[in-house]
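Working notes, structure below.
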Amino acid sequence: MVITDTNATVSVKRKGKAISEGTDILYNGDELTIEAEGAEGYDVTTLTVNGEDIESGDKITVSGKVTIVATGTLKTFDLERTVTDCTIAVTKGGQAVSDGEDVLTYGDVLTITASVEEGYEMKSLKVNGEDFVSGETLTVDGDVEIIGVAEAEEE
(Lines of atoms letter the chains of each structure in order from A and count residues from 1; the text may use other names and numbers.)
(Lines give C-alpha, C1' and ligand atoms only; values in the text may rest on other atoms or scores of the structure.)
Protein backbone atom coordinates (compact mmCIF):
# COMPACT_ATOMS: atom_id res chain seq x y z
CA MET A 1 0.00 0.00 0.00
CA VAL A 2 1.32 3.42 -0.98
CA ILE A 3 -0.18 6.62 0.44
CA THR A 4 0.53 10.07 -0.93
CA ASP A 5 -1.15 12.85 1.03
CA THR A 6 -0.67 16.55 0.52
CA ASN A 7 -2.30 18.89 3.07
CA ALA A 8 -4.41 15.94 4.18
CA THR A 9 -4.13 12.87 6.41
CA VAL A 10 -5.23 9.42 5.26
CA SER A 11 -6.20 6.60 7.60
CA VAL A 12 -6.83 3.03 6.51
CA LYS A 13 -8.64 0.42 8.57
CA ARG A 14 -9.11 -3.31 8.11
CA LYS A 15 -11.86 -4.84 10.27
CA GLY A 16 -11.93 -1.61 12.31
CA LYS A 17 -8.21 -1.64 13.09
CA ALA A 18 -5.78 0.92 11.71
CA ILE A 19 -3.15 -0.37 9.34
CA SER A 20 0.05 1.38 8.29
CA GLU A 21 1.68 2.05 4.97
CA GLY A 22 4.55 -0.32 4.36
CA THR A 23 4.27 -2.27 7.63
CA ASP A 24 1.01 -4.20 7.28
CA ILE A 25 0.56 -6.90 4.66
CA LEU A 26 -2.55 -6.69 2.49
CA TYR A 27 -4.23 -9.74 1.01
CA ASN A 28 -6.51 -9.99 -2.01
CA GLY A 29 -10.07 -9.80 -0.73
CA ASP A 30 -9.25 -7.64 2.32
CA GLU A 31 -11.90 -4.98 2.84
CA LEU A 32 -10.38 -1.60 3.72
CA THR A 33 -12.06 1.58 4.92
CA ILE A 34 -10.32 4.69 3.61
CA GLU A 35 -10.75 8.02 5.40
CA ALA A 36 -9.16 11.37 4.67
CA GLU A 37 -9.19 14.61 6.61
CA GLY A 38 -7.82 17.95 5.51
CA ALA A 39 -4.95 19.53 7.44
CA GLU A 40 -5.87 22.59 9.49
CA GLY A 41 -7.42 25.14 7.14
CA TYR A 42 -7.72 22.66 4.26
CA ASP A 43 -10.56 20.69 2.68
CA VAL A 44 -9.92 17.33 1.04
CA THR A 45 -10.53 17.96 -2.66
CA THR A 46 -9.07 14.78 -4.13
CA LEU A 47 -9.20 11.26 -2.76
CA THR A 48 -8.41 8.36 -5.09
CA VAL A 49 -7.58 4.68 -4.81
CA ASN A 50 -5.69 3.33 -7.82
CA GLY A 51 -6.75 6.42 -9.78
CA GLU A 52 -10.49 6.07 -9.03
CA ASP A 53 -12.29 8.81 -7.08
CA ILE A 54 -13.75 7.77 -3.73
CA GLU A 55 -15.34 9.54 -0.77
CA SER A 56 -13.85 9.55 2.71
CA GLY A 57 -15.28 6.58 4.59
CA ASP A 58 -15.70 4.41 1.48
CA LYS A 59 -14.76 0.74 1.58
CA ILE A 60 -12.62 -0.93 -1.06
CA THR A 61 -11.70 -4.56 -1.67
CA VAL A 62 -8.02 -5.30 -2.24
CA SER A 63 -7.28 -6.94 -5.60
CA GLY A 64 -3.61 -6.04 -6.06
CA LYS A 65 -1.44 -3.04 -5.33
CA VAL A 66 -3.25 -0.22 -3.46
CA THR A 67 -2.24 3.37 -4.15
CA ILE A 68 -4.09 6.09 -2.25
CA VAL A 69 -3.76 9.78 -3.09
CA ALA A 70 -5.35 12.57 -1.02
CA THR A 71 -4.97 16.27 -1.65
CA GLY A 72 -6.24 19.19 0.41
CA THR A 73 -6.74 22.76 -0.77
CA LEU A 74 -7.08 25.85 1.37
CA LYS A 75 -10.60 26.56 2.57
CA THR A 76 -12.27 29.65 1.14
CA PHE A 77 -14.66 31.98 2.91
CA ASP A 78 -17.11 34.80 2.26
CA LEU A 79 -16.77 38.49 3.09
CA GLU A 80 -19.81 40.66 3.78
CA ARG A 81 -19.94 44.30 4.88
CA THR A 82 -22.98 46.16 6.18
CA VAL A 83 -22.40 49.89 6.66
CA THR A 84 -24.46 52.81 7.91
CA ASP A 85 -23.03 56.30 7.25
CA CYS A 86 -19.42 55.07 7.13
CA THR A 87 -16.89 53.37 4.88
CA ILE A 88 -15.09 50.16 5.77
CA ALA A 89 -11.93 49.31 3.89
CA VAL A 90 -10.70 45.72 3.91
CA THR A 91 -7.21 45.03 2.61
CA LYS A 92 -5.03 41.95 2.28
CA GLY A 93 -1.34 42.57 1.65
CA GLY A 94 -2.14 46.19 0.83
CA GLN A 95 -4.71 45.25 -1.83
CA ALA A 96 -8.41 46.03 -1.46
CA VAL A 97 -10.71 43.05 -0.99
CA SER A 98 -14.27 43.16 -2.33
CA ASP A 99 -17.27 41.51 -0.73
CA GLY A 100 -18.36 38.18 -2.12
CA GLU A 101 -18.41 34.42 -1.83
CA ASP A 102 -15.11 32.54 -1.57
CA VAL A 103 -12.99 35.74 -1.77
CA LEU A 104 -10.99 34.92 1.38
CA THR A 105 -8.65 32.02 2.08
CA TYR A 106 -7.87 30.37 5.41
CA GLY A 107 -4.97 32.22 7.03
CA ASP A 108 -5.39 35.48 5.10
CA VAL A 109 -4.49 38.49 7.25
CA LEU A 110 -6.94 41.33 6.73
CA THR A 111 -6.64 44.93 7.85
CA ILE A 112 -10.07 46.41 8.56
CA THR A 113 -10.34 50.18 8.72
CA ALA A 114 -13.49 52.24 9.28
CA SER A 115 -13.77 55.89 8.32
CA VAL A 116 -16.47 58.53 8.45
CA GLU A 117 -17.15 61.80 6.69
CA GLU A 118 -16.80 65.08 8.49
CA GLY A 119 -19.73 65.66 10.83
CA TYR A 120 -20.13 61.95 11.64
CA GLU A 121 -18.70 59.75 14.36
CA MET A 122 -18.19 56.01 14.46
CA LYS A 123 -20.62 54.38 16.90
CA SER A 124 -19.90 50.71 16.35
CA LEU A 125 -17.56 48.44 14.43
CA LYS A 126 -18.16 44.71 14.78
CA VAL A 127 -16.44 41.79 13.07
CA ASN A 128 -18.23 38.46 13.35
CA GLY A 129 -20.36 39.89 16.15
CA GLU A 130 -17.42 41.10 18.27
CA ASP A 131 -16.27 44.69 18.86
CA PHE A 132 -13.32 45.51 16.64
CA VAL A 133 -10.75 48.33 16.66
CA SER A 134 -10.39 50.11 13.32
CA GLY A 135 -6.98 49.54 11.76
CA GLU A 136 -6.38 46.21 13.51
CA THR A 137 -5.81 42.94 11.68
CA LEU A 138 -7.85 39.74 11.56
CA THR A 139 -6.58 36.30 10.57
CA VAL A 140 -9.25 34.50 8.55
CA ASP A 141 -10.51 31.14 9.80
CA GLY A 142 -14.13 31.39 8.62
CA ASP A 143 -16.63 33.69 6.92
CA VAL A 144 -16.14 37.36 7.81
CA GLU A 145 -19.08 39.65 8.51
CA ILE A 146 -18.35 43.31 9.22
CA ILE A 147 -20.94 45.77 10.51
CA GLY A 148 -20.11 49.45 10.82
CA VAL A 149 -22.45 52.14 12.14
CA ALA A 150 -21.79 55.87 12.27
CA GLU A 151 -24.10 58.70 13.24
CA ALA A 152 -24.18 62.42 12.72
CA GLU A 153 -22.34 64.25 15.50
CA GLU A 154 -24.58 66.08 17.91
CA GLU A 155 -24.22 69.84 17.88
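FYI, in our numbering the residues of the sequence shown are 55 to 209. In this text, a Cβ means the ideal position worked out from N, Cα and C, and glycines have one as well.
Checklist entry - What residue does the beta strand (DSSP E) around A168 start on, and which one ends it? => result 163-169
Item to check | Neighbourhood of S110 by C-beta distance below 8 Å, restricted to the same chain and skipping five residues each side | outcome: I88, E89, A90, E91, V98, L101
Item to check | Residue(s) in a DSSP beta bridge with L158 | outcome: F131
Checklist entry - Quick one: what's got a C-beta closer than 7 Å to D162's C-beta in the same chain, skipping five residues either side? => result K146, V194
Item to check | For E211, the residue or residues it bridges with in DSSP | outcome: Here the chain covers residues 55 to 209 and nothing more, so residue 211 does not appear.
Next on the checklist: Please state whether the Cβ-Cβ distance between E85 and I57 is less than 8 Å.
Outcome noted: no
Checklist entry - Could you give the distance in angstroms between the alpha-carbon of Y160 and the alpha-carbon of E134? => result 16 Å
Next on the checklist: Using the three-state DSSP reduction, which class does T63 fall into: helix, strand or coil?
Outcome noted: strand
Item to check | Contacts around L164, its chain only, beta-carbon distance under 6 Å, and the 5 residues preceding and following it disregarded | outcome: V144, K146, L192
Checklist entry - In its own chain, which residues sit with a C-beta less than 7 Å from the C-beta of E205, not counting the 5 before and 5 after it? => result D139, Y174, E175, K177
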